[in-house]
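Undergrad:
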Amino acid sequence: MTARSVQHGTIRLERRYKAAPARVFAAWAEPKARAQWDVPGRWVIAEQSFDFREGGRELKRFGPSDDPRFVADTLYLDIVPDRRIVFSYSMTSRGEPVSVSLTTVALSADGEGTRLLLVEQVAFLDGKDNAANREEGLASMLDKIGESVAA
Amino acid sequence: MTERSTKHATFTIERTFSAPPSRVFAAYADAKSKARWFGGPEDWEKSNLKLDFKVGGRESVSGGPPEGPIHYYNAIYQDIVPDERIVLTYELHLDKTRISVSLGTTEFKPLGSGTRLLYTEQAVFLDGYDDAGLREQGTRGLFDNLARSLEMQ
Chain R
17 MTARSVQHGT
27 IRLERRYKAA
37 PARVFAAWAE
47 PKARAQWDVP
57 GRWVIAEQSF
67 DFREGGRELK
77 RFGPSDDPRF
87 VADTLYLDIV
97 PDRRIVFSYS
107 MTSRGEPVSV
117 SLTTVALSAD
127 GEGTRLLLVE
137 QVAFLDGKDN
147 AANREEGLAS
157 MLDKIGESVA
167 A
Chain B
-14 MTERSTKHAT
-4 FTIERTFSAP
6 PSRVFAAYAD
16 AKSKARWFGG
26 PEDWEKSNLK
36 LDFKVGGRES
46 VSGGPPEGPI
56 HYYNAIYQDI
66 VPDERIVLTY
76 ELHLDKTRIS
86 VSLGTTEFKP
96 LGSGTRLLYT
106 EQAVFLDGYD
116 DAGLREQGTR
126 GLFDNLARSL
136 EMQ
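Residue numbers (the numbering used here), protein chains in the order written: chain R, 17 to 167; chain B, -14 to 138.
1) Among GLY41(B), SER7(B), ALA132(B) and ARG125(B), which one has its Cα closest to the Cα of THR157(B)?
2) Of all the beta strand (DSSP E) runs that stay within the bounds of the stretch 51 to 123 of chain R, which reach a length of 3 or more residues?
3) Any Cβ of chain R within less than 8 Å of the Cβ of ASP64(B)?
4) If you reduce the DSSP assignment to three classes, tell me which class GLU151(R) lands in.
5) Check whether the Cβ atoms of ALA43(R) and VAL165(R) sit closer than 8 Å, and answer yes or no.
6) For the alpha helix (DSSP H) containing PRO95(B), list its first residue and its last residue.
7) State yes or no: is the beta carbon of GLU(-12)(B) nearer than 8 Å to at least one beta carbon in chain R?
8) Please state whether the Cβ-Cβ distance between THR(-9)(B) and THR100(B) is less than 8 Å.
9) By DSSP, does GLY129(R) sit in helix, in strand, or in coil?
10) What is the residue span of the beta strand (DSSP E) that LYS(-8)(B) lies within?
11) Does any CB atom of chain B fall closer than 8 Å to the CB of ASP51(R)?
12) Since LEU88(B) meets chain R, which of its residues come closer than 9 Å, beta carbon to beta carbon?
13) Say whether chain R places a C-beta atom closer than 8 Å to the C-beta of THR82(B).
14) From THR74(B) to VAL46(B), what distance separates their C-alpha atoms?
15) Could you tell me which residues DSSP pairs with VAL72(B) in its beta bridges?
16) Hey, how far is the Cα of ASP83(R) from the Cα of GLU112(R)?
17) By the criterion of Cβ-Cβ separation under 8 Å, what are the contact partners of HIS56(B) in chain R?
18) Can you name the start and end residues of the alpha helix (DSSP H) that PHE10(B) belongs to?
19) In the DSSP assignment, what are the bridge partners of ASN59(B)?
20) If we count the other Cβ atoms within 10 Å of its Cβ and call it buried at 16 or more, is MET107(R) buried or exposed?
Laid out in C-alpha cells, this is it:
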C-alpha cells in the first residue's frame, strides 16, 4: 500500500528574452514552436496532443528516451494572448500520481524584448518528486525557449 | 486596455471532526451530501450543485446575494484517493469575469475515531481581484457548514 503524502511548493522563475512578447507567446500557442522546448534537458516526448485554448486539454507522454514513463495531463484555464497563460497539469508515472500543478506564465514587454515570469504552485504527491527537481526541469525548458526565440 | 496582473497566495486550514475519514470523505464524494454544506452563505440564491466525482470529472455550482454578483464555481478533479485525499483545481467567476484559479488539496487523516482534515489552497488572483483574506474566510465558513452537516447525520 502506498504511503500517502502531500508536499506543497511554489516555484518562481524569471527570464528576459530578446524576442517580443508575441514571439514568446507563440512558443506555447504553436505546436511546431512548442515541440522545440516542451521537455526538460535531454528527455524526449514520445506522444503529444495540442489543444491550446481556454478549456483545451492536452496529453503528453515523456521521459528518458529508453523509458518515457511520465504523462502530463494539461488543462488551459486562462489565456490572454501575448500576456498570460494559466494552466493546470497533473503528472503521473505509469499511472501513479506524481504531482498536480497550477502554473502561471506572465509576459510583459521589456524594451524590444520580453520579461517572462513563471510561477508554478505544486502539490507533490506521495514523495514522487520535489520542488528542487521540478525547478531544475522548468528552468531547463525556459532556457530552451530562449534559444528557440533567438534563432 | 485591461490592466493584467497576477497575485499568488497560499493558505491552509486545519479542522478536526468526530466522524471517521470515510464519513467526511463521503460528504465530498456524493453530490447530495456535498450540496448540504458547499456553496456560499445561507442567504445566497444557489443553483443545483453538479458533481462528477472522478479524476477528470467536473463540478459546478453558482450563487450569490440577491443584489449580485453571481459567483460561478467550476472545478476539475485531478487526484482522488478514497478516504484519504482529494486534489482539484477550480476557477471562480464573478458574473463574466474570471477572478481566480486555485489548486486545492484536501487531506483526510484518522485522529482517534475521528478525522483531522487539512486543506491547502494555492491560488492565483487575476487582474487585481486580490482577496486571499476573503477567500480564506469564505472557505473557513464552508468548513463550519461541513461540521454542522456531519453533526446532523
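Beta carbons are placed, not taken as given, at the ideal position from N, Cα and C, and that holds for glycine.
Please read all numbers here as calculations on a predicted model, not as lab measurements.
TA: Result, derived from the coordinates:
1) Nothing in the structure corresponds to residue 157(B), since chain B is present only between -14 and 138.
2) The DSSP assignment places complete beta strand (DSSP E) segments of no fewer than 3 residues inside the stretch 51 to 123 of chain R at 60 to 64, 73 to 79, 86 to 96 and 100 to 109, in order along the chain.
3) Yes, because at least one Cβ of chain R sits closer than 8 Å to the Cβ of ASP64(B).
4) Three-state DSSP puts GLU151(R) in a helix.
5) Yes; because the gap between Cβ atoms is below 8 Å, this pair is in contact.
6) It is not in any alpha helix (DSSP H) - PRO95(B) instead sits in the beta strand (DSSP E) that spans 82 to 96.
7) No, its Cβ sits nowhere closer than 8 Å to a Cβ of chain R.
8) Not in contact: THR(-9)(B) and THR100(B) (Cβ atoms no closer than 8 Å).
9) GLY129(R) sits in a strand when the DSSP states are folded into three classes.
10) For LYS(-8)(B), the enclosing beta strand (DSSP E) has its first and last residue at -9 to 2.
11) The displayed chain sequence assigns Ala, not Asp, to residue 51(R). Cβ-Cβ to chain B under 8 Å: no for ALA51(R).
12) Against chain R, a Cβ distance below 9 Å from LEU88(B) picks out HIS24, SER104, VAL116, SER117, LEU118, GLN137, VAL138 and ALA139.
13) Taking Cβ atoms only, chain R never reaches closer than 8 Å to THR82(B), which makes this a no.
14) Roughly 14 Å between the two C-alpha positions.
15) VAL72(B) pairs with ASP64(B) and THR90(B).
16) Between the alpha carbons of ASP83(R) and GLU112(R) lies a gap of roughly 15 Å.
17) In chain R, no part has a C-beta under 8 Å from the C-beta of HIS56(B); the shortest such distance is about 17 Å.
18) For PHE10(B), the uninterrupted alpha helix (DSSP H) segment begins and ends at 6 to 14.
19) The partner list for ASN59(B) (beta bridge, DSSP) reads SER45(B) and GLU76(B).
20) Buried is the label assigned to MET107(R), since at least 16 other Cβ atoms lie within 10 Å of its Cβ.
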